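Novice:
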Amino acid sequence: MIPATRYPIERLTLPNGLRVVLAPDRSAPVIGVAVVYDVGIRSEPVGRTGFAHLFEHLMFQGSANLEKLAHFRYVQGSGGTFNGSTHLDYTDYYETLPSAALERALFLEADRMRGPRLTEENLRNQVDVVKEEIRVNVLNKPYGGFPWLNLPPVMFATFPNAHDGYGSFDDLDAATLTDAEEFFDRYYACGNAVLAVAGDIDVTETVSLVERHFGDVPARPAPERPDFTEPDLAGEQRHSYVDKLAPLPAFCAGWRVPDPVGDFAAYLPYVVLAEVLTDGDASRLVRRLVLSDRSVTNVGTYIGFMGEPYEVRDPTAFLLQVQTPADGDMERVLSTVDEECARLVADGLEAGELARTQARMATHLLRDTDAVLGRALRMAVLEQQRPSLTGAQLLNELPALIAQVTEEQVRAAAATLRPDRRALIEVVPGLGGTQ
Amino acid sequence: MTVAVPDLRPAGVFAVPRTAERTLANGLTVLAIRRPAVPLVELRLRVPFGAATLRTSYLASSSLLSQTLFSGTSNLSTVDIAAQLQSVGGALGAGVDPDRLLVGGNSLASGLDRMLAILAEVLTDATYPEEEVATERDRLAERIQIAQSQPSHLARVALLRRRYGDHPYSVQTPTVPQVHAVTPAALRALHADRIHPVGAHLVLVGDVETEQALDAAEQALAGWDGPGKDDAVPPVPQPRLGPVTLVHRPESVQSSLRMTLSAVERRHPDHAALQLANLIFGGYFSSRWVENIREDKGYTYSPHSFIEHSQAGSSLVLSTDVATEVTGPALLETIYELGRIATSPPGEQELEQARQYALGTLQLGMSTQAGLANLASTYAGFGLRLEYLVDHAARLGAATVDDVAAVAARYLAPARALTVVLGDADRMEAALTTLTPVERTTVDEVLAA
C-alpha cells in the first residue's frame, strides 16, 4: 500500500499574471518561500554561455528598495536561510525561515521581481565569484562537470541543449549590464514566474500579504518559450577525453526519453526503470555489475542532467553513470547493460520487484517534501511547467501515479535503451596512482 | 523612494518536541519522537566506536565494517536484506567516524517493525561473507583513491594531521594498502568486540506513536547483547603552533585555505557566545569574512567557518578556496578579520542578526523528521537530549556584546590558528612568506601514513 500526502493546495493568479501556490501545514513554525522564473540555461544567448547563472547571482546584489548585501542580511537576520539555483529550464530563488518572517520574505522576493540593482561594480564582482565557483566545482577537481556539462554536447546538436551552462570565462568576461537589463526585461516578467509558499501560514492572510507586496509589480507577459526539441540520435555518438586529475575511469551513457511534460504517462515508466536498475543492492545493475561481476565500482541511473525527473522539460535523457576500477572495461560493461536490459524486456520483473521499487520511490518523494522548502520548490516548478495539467497538485498525486506504472511499461522503456540510440562520454584517467 | 522592510511578527515560545525514552535491559537507550507530517519513520543507531590509540589497522577495519555490516547474515544475503528493506520503502546504511558507528535509514511508517527486525538481525548475526567483503574492500579502496584526488579531501587530511599530531583524530581515512589488508575475520572480531548495546542510542522519529516505537524497538532488539568495550578517546592535545603548512599540488588553479582554532563543547559556558562570535566572523553568509573576501573582493565562492564537536574536543574550522593569484591577499584578509573580531567588540546590530539566525535555524533544524532524528542522535552521543536546546536558546538570547567580545578574544585570535594551504606552491609561496613563516610539503607526504 503506497501512502501519499494530502497537502491542501491553493492556486491563484494575480491580475498582473503572477501565479501563486499556497500549501499550509502548521506542523512546525517554519515556512518555505520559492519564486521560480521560467528561464534557464537553455535560454541564454549565443556568446553568453553561463549568463543565466551569472544573472541569478546578480538577483542577490540589491533591488528596488535594497542595497547590496541587504537581502542576505534580512533573510538571515530573520532566522532563515536562502539560496538560488539555475537549471536547464528554470531559475529558482528561495528562503526558508521561521513563520514570523512571512511578510518580510514576500517583500524581499517582490522587491527583486521589480528589478535587481545592476551596477558595473557588482557585475564584475560576481563574474569573479562565478569563476571561483567554476574552479572549485569543475576545473580544480577530478570529474569536474562530468557528466552534466560534457555529455550534452555529445548528445545534442543545437546550442540551447548542447552548450556549457556554467559558461566559458571569455563569455563571462564579455557580459555587460545591457545584457543583464535585456535578460531581466525579457525573462523576469511576473507573468513568467510562480510564487509558492508552504508551511505555517494562514491562507486568507497570506493571500492578502501576497496581493499587498506583489500586486503592484508591473504586469509583463511571459515571453514565448522557444522550441528546444531535437530529433533523436541517428546513431550512437561517443566522445572520450583525458581528465588529468582523475585517478580512475568513468563513463556516462544517455538515451532520449519521452517528453516529461507533454507525454508524462509515457515518461514516468523511465523514472521507475531507473530505480529498478540501480536503487540499492537489490536492484538489477547493482546486483549484476557491482556484486556479481565486480566490473564496476559504482553504477547509477537517473533522469535528467541535473537529476531532477519532475523538474525538467523535453529534450532530456535517461542517464547511466558508471565508475570502474583501473582495469575496467567499458565495452564489456556496456554489453552487460545491454544484456540486462534485454533480459528485463524478455523475462520481465521478479515477483515483488516492481512493488518494492515503487515503495522506496514513495519514501523518497515523501521525504523530499517533508521540508517546507522542498515542498515549495517542487510545487512552484510543477505549477510552472504543467499549468494545463494539475500543476502543483501533482505533488500529492505522484506516489499513486508511480504505483500505477506497470511491468509492461517498464519493459517497454527498457527496450528503448539500445546502443544505436545512445550518447556516450568516457573519462580517461590522467592521474597516476597516489597511495 | 525607499519602502520600509516589514518587521518580523513576534516569535512564538521556543519549544522542542517531546522525546520518549527507555533504556532496555541490555543497555540500549531508545529515544522516540512523533512527527506525523509524512507517513515515514527515520532511524539512527549510534554505537560508541572510539579508539584509544591511533592504530591504522583499526581505522581500515572500522571503515570496511561500516561498508559490509549489511553484506549478509546466516539467513539473509546482501540482496535479501536490501530487497526486504525496499519492500517497506526502506533502506539502511552505516558510516564511522573516530567517535562512533552510525547506522541510519528510513522507511514507510508501516515498515518500522520490518526495518527493526533487519537491523536486529544484522547487529546480532552479521557474517561478513568472503565474497561480499572482497567486493566492498575493492570499492572502498577505489573510493579512497578518488577522495585522494580531491583538493577538499587532501586539505582536510593535512589539517587533521597538523592539528592532532599523534592523537587518534589525526588520521581519519585509511590508505588503500591498509584497506586491502583487512580480512573478514578481522571484521567479525571487530564486530564482536565493539558492536554492543551498552552506551548505544537508537533514535526513531516519524509518524509513529512514541510508546509504540519504544515497544517495537524493545521487542526487536532485546536479544542484542554483550558488554560494550569502553575505549575512550583521549583528550585532544593543545595545538602545536607554528608555520603555515603549504601543500604543493602542482597546477592547481585554486588554493584551498583551511585554518583551525580550539573551541569548546556544547555544555561549556562559552559555547553560546562562541557560536555567535563564529557567525559574526564567518559562520553564515552575512558574516564579515564572506562579505569581505567574496562580496567585496571576489576572491572565492564559498568561504565558511564552523564549529565541529567531537567526543574528545571541539574545533572551529575555516574553509575557503581562492584563486591561486590571490592566495596571499586572501590569507591577509582572513587574518585581518580574525584579528578584528578578537580585538574589538561586534556591533549591537551584528550581534542581533547573528542571534536571530542562530535561533531561527534551530527551528528549521527541528522541522523535519530527518532533521530531528539527526539532532536527537547527535546530542544523545554527547549525553544530551533535545531539551538542551531550550537552555541553549535561552543562552543565545542572553549573550551580550561583551560576552561575544570576550569569547572572540579567547578563541578567535589569529595567533592561535593553525593554517594549511593546498595549491600550486610555485605560484603563491612567495606571497604567503611575506605574511607568515611557511613550511612546504607535498601531497605524497601528507598522504603517507
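Chains as they are written, first to last, in this note's numbering: chain A, 3 to 437; chain B, 6 to 454. Ideal Cβ placement from N, Cα and C applies to all residues, glycine included. These figures come from a predicted structure and were not determined experimentally.
Pop quiz: E97/A and A107/A are said to be a contact at Cβ under 8 Å. What is the actual Cβ separation, rounded to whole angstroms?
Specialist: 5 Å
Novice: Check whether the Cβ of V292/A lies closer than 8 Å to any Cβ atom in chain B.
Specialist: yes
Novice: Is A195/A helix, strand or coil when you go by DSSP?
Specialist: strand
Novice: First and last residue of the beta strand (DSSP E) that includes N31/B?
Specialist: Segment: none, N31/B is in no beta strand (DSSP E) and carries neither H nor E.
Novice: Quick one: which chain B residues come within Cβ less than 7 Å of D175/A?
Specialist: In chain order: nothing, as chain B lies at least about 13 Å away.
Novice: Does the Cβ-Cβ distance between A57/B and D236/B come in under 8 Å?
Specialist: Yes, the pair counts as a contact, with Cβ atoms nearer than the cut-off.
Novice: Could you confirm whether any beta carbon from chain B is found closer than 8 Å to the beta carbon of E12/A?
Specialist: no
Novice: What are the boundary residues of the alpha helix (DSSP H) that E123/A is part of?
Specialist: 122-136
Novice: So, are the CB atoms of G147/A and H55/A less than 8 Å apart?
Specialist: no
Novice: Among residues of its own chain, excluding the 5 on either side of T441/B, which ones have a beta-carbon nearer than 6 Å to its beta-carbon?
Specialist: V249
Novice: Leaving out five residues on either side along the sequence, give the residues of the same chain with a beta carbon under 6 Å from the beta carbon of G435/A.
Specialist: Its pLDDT being 49, under 50, G435/A is placed unreliably in this model, and the coordinates cannot settle the point.
Novice: Compute the Euclidean distance between the alpha carbons of Q437/A and R142/B, then round it to the nearest angstrom.
Specialist: Legend: pLDDT at Q437/A = 37, less than 50; position of this residue unreliable, value from coordinates given subsequently. Spanning the two alpha carbons is a distance of roughly 16 Å.
Novice: Taking 8 Å as the threshold, find out whether the segment 108-123 of chain B comes into contact with the segment 23-36 of chain B through three or more Cβ pairs.
Specialist: no
Novice: Going by the CB atoms, is the gap between L293/A and T83/B shorter than 8 Å?
Specialist: yes
Novice: If you draw a straight line from the alpha carbon of E385/A to that of D340/A, how long is it in whole angstroms?
Specialist: 37 Å
Novice: Residues of chain B with a CB under 7 Å from the CB of P5/A: which are they?
Specialist: P44, L113
Novice: Once DSSP output is grouped into helix, strand and coil, what is the label at A278/B?
Specialist: helix
Novice: Out of Q406/A, V430/A, L397/A, which has the shortest C-alpha to C-alpha gap to L24/A?
Specialist: L397/A
Novice: How would you list, in chain order, the residues of chain A whose beta-carbon sits under 9 Å from the beta-carbon of Y289/B?
Specialist: By Cβ distance, chain A contributes F74, Q78, T83.
Novice: Does DSSP classify M120/B as helix, strand or coil?
Specialist: In the three-state reduction of the DSSP assignment, M120/B falls in the helix class.
Novice: Please list the terminal residues of the continuous beta strand (DSSP E) segment that includes R424/A.
Specialist: 424-431
Novice: Could you name the residues that DSSP lists as bridge partners for V210/B?
Specialist: According to DSSP, which records beta bridges pairwise, V210/B is partnered with I38/B, E47/B.
Novice: In chain B, which residues lie less than 9 Å from T359/A when you measure between Cβ atoms?
Specialist: Residues of chain B passing the Cβ test: Q91.
Novice: Can you confirm whether P233/A, when its beta carbon is compared against all beta carbons of chain B, has any partner nearer than 8 Å?
Specialist: Residue contact check for P233/A against chain B: no CB pair falls below 8 Å.
Novice: G211/B to P41/B, Cα distance in whole Å?
Specialist: 6 Å
Novice: Starting from V347/A, find everything on chain B with Cβ-Cβ shorter than 9 Å and list it in chain order.
Specialist: Near V347/A there are no residues of chain B at all, since even the closest Cβ is about 21 Å away, more than 9 Å.
Novice: Roughly how many whole angstroms lie between the Cα atoms of V406/B and A398/B?
Specialist: 16 Å
Novice: Along the alpha helix (DSSP H) that carries I305/A, what are the first and last residues, could you check?
Specialist: Element bounds for I305/A: not the alpha helix (DSSP H) but the beta strand (DSSP E), 300-305.
Novice: Taking C-beta to C-beta, are T326/A and S297/A nearer than 8 Å?
Specialist: yes
Novice: For A248/A, return the contacting residues in chain B, with the cut-off set at a CB-CB distance below 9 Å.
Specialist: I151, S154
Novice: If contact is defined by three or more beta carbon pairs under 8 Å, each pair taking one atom from either stretch, is the segment 208-225 of chain A in contact with the segment 262-280 of chain A?
Specialist: no
Novice: Quick check on DSSP: helix, strand or coil for D245/A?
Specialist: strand
Novice: I'd like to check one pair, V383/A with Y92/A: are the Cβ atoms closer than 8 Å?
Specialist: yes
Novice: Alpha carbon to alpha carbon, how far is T7/A from V373/B? Give it in angstroms, no decimals.
Specialist: Note on identity: in this sequence residue 373/B is Thr, with Val being the wrong assignment. Distance between the alpha carbons of T373/B and T7/A is about 15 Å.
Novice: Can you check whether the CB of G318/B is closer than 8 Å to the CB of P240/B?
Specialist: Annotated as proximal: P240/B and G318/B, with beta-carbon spacing under 8 Å.
Novice: Which chain A residues are close to E296/B, counting only those with a beta carbon under 7 Å from its beta carbon?
Specialist: Simply L71.
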